[in-house]
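In our numbering, the protein residues as written are 150 to 328.
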Amino acid sequence: MDGYCSFNTMMMMEQHGKKPLHILLDSGSTHDFIDTPTAFKLNCKVEKVSPIWVKVADGGQLRYDAMTKRFEWMMQGYTFQADMLLLPLNGSDIVLGIHWFSTLGPFLWDFRNLTMELKQDNKKVKLRGAAKKKVKGILPELQELKSTKMEKLLTDYSDVFEAPTGLPPAREKFDHRIP
């Protein structure tokens, strides 16, 4: 599972103690995850649980059997808590999904400005996401792949695959000209 930014996500750069955390808020994720190596670096208490199958973005399913309960972290001065499934993540330390969002009550998420407004202990909280890197351009690259089977076919029937040098021969009975 990749922890990457897309149109329905927001990245937060935070800290847990003195350790930096990359937290991805992802409305496309049903569960909350902590990167397995990160959980051990932070000395999280890891518990074995009944296996849980989670569907991932590519359509596959992954089996999880470990979690850290009541993991606590801070985002922009506010304390939050959630049960996190352990999973090796690529690019994020934590992914917060619908499971976490459902604990917040009503909130306003502005994807364009990367802000989220919610209430915590009857106080208004406004979280700001890290700016997404803009793509300035894409350099496409074409690479010719040669198949040995295709090369043999082209060689064996080279007369069929030659480029025409003129018009096809005239036919007496059938006129296939386009008017």
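Backbone N, C-alpha and C fix where the C-beta goes; we use that ideal spot for every residue, glycine too. Given the structure is predicted, the values throughout are model-derived calculations rather than measurements.
In the three-state DSSP reduction, P237 falls in the coil class, being neither helix nor strand. Assigned with DSSP and collapsed to three states, L191 falls in coil, not helix or strand. Counting along the chain, K197 sits inside no alpha helix (DSSP H); it lies in the beta strand (DSSP E) bounded by residues E196 to K204.
When secondary structure is reduced to three states using DSSP, F310 falls in the coil class, being assigned neither helix nor strand.
Under the DSSP definition of a beta bridge, Q269 partners with K272. By the C-beta density criterion, I247 is exposed, having fewer than 16 other C-beta atoms within 10 angstroms. Sequence-distant Cβ neighbours of P237 in its own chain, meaning closer than 6 Å and more than five residues away, are T185.
Straight across, the Cα-Cα distance linking F256 with E196 is about 31 Å.
Within the DSSP bridge table, the entry for D175 names T158 as partners. Around the beta carbon of D242, a 10 Å sphere encloses 16 or more other beta carbons of the protein chains shown; the residue is thus reported as buried.
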